[in-house]
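Undergrad: So that you can map any letter, position 339 of the sequence shown is 339 in full-length UniProt numbering, and since no number is skipped, the others follow by simple counting. The structure's right below; bear with me while I get my questions together.
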Amino acid sequence: MSLPALDKLGFLSLIPPGAVPASDEINIELYFNRHPSELLIGQEFVSEMNANALLILQRDPVRVADTLSAIGYAYQVGDRAGSLLPVLNRRARILANLRSMKASSFYFEEALFLLLGLCAMELVTLAQPGHHATIPTVLGNVSSLISHHTSIGGEISFVSRYLLRALARQDLVVSLVHLRRPRVPTCIWLETNDCAKADRLLGYTATLMPLLEELCILAEDMREQILQPSHSSATDQAVHENTAASMSPSSQDTSYATDTSPRSSDSVCSDVKRPSAITRFFNPSPESTSIQLRAASLYHRLTAWSPPITDNTPFLTTRKFRVQAASYRSAALLYLHRLQHPPSSSIRNDDASQPAASETGTEAEADAAALHGAHDVLLYASGAPAAETKLLLWPVFLAACEMRGEEDRRAVGEVLASIAAHRRTVTVERTRRFVEERVWRARDAGEDWNWMVLAQKWPGECLPI
1 MSLPALDKLG
11 FLSLIPPGAV
21 PASDEINIEL
31 YFNRHPSELL
41 IGQEFVSEMN
51 ANALLILQRD
61 PVRVADTLSA
71 IGYAYQVGDR
81 AGSLLPVLNR
91 RARILANLRS
101 MKASSFYFEE
111 ALFLLLGLCA
121 MELVTLAQPG
131 HHATIPTVLG
141 NVSSLISHHT
151 SIGGEISFVS
161 RYLLRALARQ
171 DLVVSLVHLR
181 RPRVPTCIWL
191 ETNDCAKADR
201 LLGYTATLMP
211 LLEELCILAE
221 DMREQILQPS
231 HSSATDQAVH
241 ENTAASMSPS
251 SQDTSYATDT
261 SPRSSDSVCS
271 DVKRPSAITR
281 FFNPSPESTS
291 IQLRAASLYH
301 RLTAWSPPIT
311 DNTPFLTTRK
321 FRVQAASYRS
331 AALLYLHRLQ
341 HPPSSSIRND
351 DASQPAASET
361 GTEAEADAAA
371 LHGAHDVLLY
381 ASGAPAAETK
391 LLLWPVFLAA
401 CEMRGEEDRR
411 AVGEVLASIA
421 AHRRTVTVER
431 TRRFVEERVW
441 RARDAGEDWN
451 WMVLAQKWPG
461 ECLPI
C-alpha cells in the first residue's frame, strides 16, 4: 500500500506557516512513509493510524509535528556514527514540549501521543545495544499521567484508548521482564467492543491482555523467591480446588498509583473463559497456598483462551492474527511454567534431548517441558510468512532462552533475523545479544541461566518489544 503525499493528506495545511522548519518536512514525510507500515501487524491498519495522528495534529500542530519530525529523524539517521547526540536533542525537545503543555480538554491525548513518540524513538534508534533504555521510565510517566487524569474524573476517549493500547503492549512486556505489575492497567484501555475486532498491534489478543496482566502480578508476588531460590521449597504439590476466579494478590509494592489487581481485568473483559475446576499439577514453591491457587487458575484460563476470530473469515486474512494469538498464549504458558520451575544450572549438552549431568530428575523434566513449550512458540513463529511474524519478539525471546542444541539455536536465530528484517527496530538486536551473551553463555558455562534473574542482574539489557 503506497501512502499519498503529505499535501494530499492535508497535512501541510494543518501547520501554521513557519511553525515547522522546512528542513523538518522531510522527516515528517519519512514518519508517515515508514513508521506505521513497519510497526504495525498489517498494512490494513496504516490509514487508521495516520488518521489518528492527523486528528491529534489538528489540536496542537506545533508540538505534534515536532514529535512526528523527531521520529522521522530517528529513522533518517539510524545507527550512523555521531547520530546519537542529535537524536537525544530531539528527544529533549519532546520533553520540553511536555513540560510546557497547558491544561486543555485534549491534554491527556496529546501527552500520551508525545510519550508514545518518545517510546518510538527508543525503538527506532535510542535503544541500540549498549545504550541505556528509557522506555521503562517513560512508562512510569504514563502511569502518573493516568493516575492524575482518572483522579480528577477525566474520561478515557476513543483516541486515548487507541494510544494506550500501544503503550500497554510495551508496558506488559517490560512488566513481564521486570517481574512487576503493569503500570498501564487493562481496565483503563480495554472495552468489550475492542475485543471483537483486530487491533493494529494486539491483533485479536486483546482478551489475552488481562491474563498477561495477572501473570505480571503473580510474577511480582513471586519475585523474591525467583531471585532468591534458596528460600523456596522444592516439593511438588497438587492443587485440587475449585475457584471461580483468581484470588486478588497482596499488594506489597505501593509505589504505583494505579489499581492493577485482577478484579479490574475481570470487570473489563468478560469474554475470557474462566473454568472453575483446577486439575493441573504445579510446583510453584510458594509461600502461601493462594499463589498456588492463582497460578493453577491462570494456567487453566490461559489453556482455555482462544482469539475471537470468526470461522467465516478467510484463512489468509486471519493467518497473521492466529499466529500471533497462538504464539502469545504459548509464551504465556511457558512464562508461567518458568515461574513455577526455574531453569536448572547445568553444563551444556549438545544433544538437547539428553539431560545435563548436574540436573536432577525433576529439573530435567521441567527443562524438557519448557523446551517443548519453546518449540510450540517456534512452530507458530516460523510457520507463517516472515512479514506476518514481525510482532512476535517477546514470544520468540522466551523460546530462544530455552534453546540448548546448536540446531535449535540456529533456528531461533533465523526467526530473530527475520523479525529484524521486517520490523527494523534496534530492540531486536538488543534482545538477540542478551540471549546469546547472557543466557546461552551462562548456560554453557554451567552457571545460573534463568533469564528472569539475568534480566535483573543486567538491568536495561533485556527489552524484547
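Glycine included, C-beta positions come from ideal geometry on N, C-alpha and C.
Give the single residue among Ile-146, Arg-34, Val-453 and Lys-102 whose Cα lies nearest to the Cα of Arg-59.
TA: Lys-102
Undergrad: Does Ser-157 pass the burial test, meaning 16 or more other C-beta atoms within 10 Å, or should it be called exposed?
TA: exposed
Undergrad: Decide if Ala-120 is buried, meaning its Cβ has at least 16 other Cβ atoms within 10 Å, or exposed.
TA: buried
Undergrad: Could you pull out every residue in the same chain whose Cβ sits closer than 6 Å to the Cβ of Ser-418, ignoring the five residues on either side in sequence?
TA: Once the five neighbours on either side are set aside, the close Cβ partners of Ser-418 are Ala-386.
Undergrad: Grab the span of the alpha helix (DSSP H) containing Pro-395 for me, first residue to last.
TA: 393-401
Undergrad: Would you report the Cα separation of Gly-117 and Tyr-380, rounded to the nearest angstrom?
TA: Straight-line Cα distance between these residues: approximately 31 Å.
Undergrad: Could you round the C-beta distance between Leu-211 and Ala-332 to whole angstroms and report it? I think they count as a contact, below 8 Å.
TA: Right, their Cβ atoms sit about 7 Å apart.
Undergrad: From Ala-168, Leu-378 and Pro-343, pick the residue whose C-alpha is nearest to that of Ala-326; which is it?
TA: Leu-378
Undergrad: Using the rule of at least 16 other Cβ atoms within 10 Å of the residue's Cβ for burial, across every protein chain shown, is Asn-450 buried or exposed?
TA: buried
Undergrad: From which residue to which residue does the alpha helix (DSSP H) around Val-20 run?
TA: First-last for Val-20: undefined, no H or E at that position.
Undergrad: Do you know offhand how far Asp-408's Cα is from Arg-443's?
TA: 15 Å
Undergrad: Less than 8 Å between C-beta atoms, sequence neighbours within five positions excluded: which residues of the same chain meet that for Ile-152?
TA: none
Undergrad: Taking 7 Å as the limit between beta carbons, can you name the residues of its chain near Leu-298, skipping five residues before and five after?
TA: Leu-211, Glu-214, Leu-215, Leu-218, Ser-246 and Leu-336
Undergrad: Evaluate contact between the stretch 445-459 and the stretch 60-70, counting only Cβ atoms and requiring at least three cross-stretch pairs below 8 Å.
TA: no
Undergrad: Does the contact criterion of 3 or more C-beta pairs under 8 Å hold for the stretch 82-91 versus the stretch 38-45?
TA: no
Undergrad: Rounded to the nearest angstrom, what separates Glu-48 and His-149 at their Cα positions?
TA: If I take the Cα positions, the gap works out to 25 Å.
Undergrad: Reducing DSSP to helix, strand and coil, say where Gly-460 ends up.
TA: coil
Undergrad: Alpha carbons only, please: which of Arg-34, Val-173, Asn-27 and Phe-113 is nearest the one belonging to Leu-55?
TA: Phe-113
Undergrad: Give the DSSP-derived three-state secondary structure of Asp-448 in the structure shown.
TA: coil
Undergrad: Distance, Cα to Cα, Gln-456 vs Gly-18?
TA: 47 Å
Undergrad: In chain order, what residues of the same chain lie with their CB nearer than 7 Å to the CB of Tyr-256, ignoring the 5 residues before and after it?
TA: Bear in mind that a pLDDT of 30 at Tyr-256, under 50, signals an unreliable position, so the model cannot answer this.
Undergrad: State yes or no: is the C-beta of Arg-423 within less than 8 Å of the C-beta of Glu-38?
TA: In contact: Arg-423 and Glu-38 (Cβ atoms closer than 8 Å).
Undergrad: Quick one: using the 10 Å Cβ neighbour count with 16 as the cut-off for buried, is Cys-462 buried or exposed?
TA: buried
Undergrad: Does the beta-carbon distance from Glu-406 to Pro-129 come in below 8 Å?
TA: With contacts defined by Cβ atoms closer than 8 Å, Glu-406 and Pro-129 do not form a contacting pair.
Undergrad: Can you give me the Cβ contacts of Ile-226 inside the same chain, cut-off strictly under 8 Å, excluding the 5 residues immediately before and after it?
TA: Leu-179, Ala-219, Leu-339, Pro-342, Asn-450, Met-452 and Val-453
Undergrad: At the level of alpha carbons, what is the spacing between Ala-369 and Asn-312?
TA: 35 Å
Undergrad: Who are the Cβ neighbours of His-231 in its own chain at under 8 Å, not counting the five residues just before and after it?
TA: Per-residue confidence for His-231 stands at a pLDDT of 41, beneath the threshold of 50, marking its modelled position as unreliable; the derived number appears in the next sentence. The answer, listed in chain order, is Glu-224 and Gln-225.
Undergrad: Taking Thr-188 as the reference, give the member of Tyr-107, Leu-163, Ser-382 and Phe-315 with the closest Cα.
TA: For the sequence presented, residue 188 should be read as Ile rather than Thr. The shortest Cα separation from Ile-188 among Tyr-107, Leu-163, Ser-382 and Phe-315 belongs to Leu-163.
Undergrad: With distances taken Cα to Cα, identify the nearest neighbour of Met-403 among Tyr-75, Gly-82 and Leu-371.
TA: Leu-371
Undergrad: Using the Cβ count rule (16 or more neighbours within 10 Å means buried), how would you classify Ser-344?
TA: buried
Undergrad: May I have a chain-ordered list of the alpha helix (DSSP H) segments no shorter than 4 residues that lie completely inside the stretch 108-174?
TA: The DSSP assignment places 135-151 as complete runs of the alpha helix (DSSP H) inside the stretch 108-174, in order along the chain (cut-off: 4 residues).
Undergrad: Please state whether DSSP places Gly-413 in a helix, a strand or coil.
TA: helix
Undergrad: Considering only the alpha carbon of each residue, which of Thr-317, Leu-176, Ala-166 and Val-177 lies closest to Arg-200?
TA: Ala-166
Undergrad: Determine the burial state of Gly-72: buried for a count of at least 16 other Cβ atoms within 10 Å of its Cβ, exposed for fewer.
TA: buried
Undergrad: Counting C-beta neighbours from all protein chains within 10 Å, is the total for His-35 16 or more, i.e. buried, or is it exposed?
TA: buried
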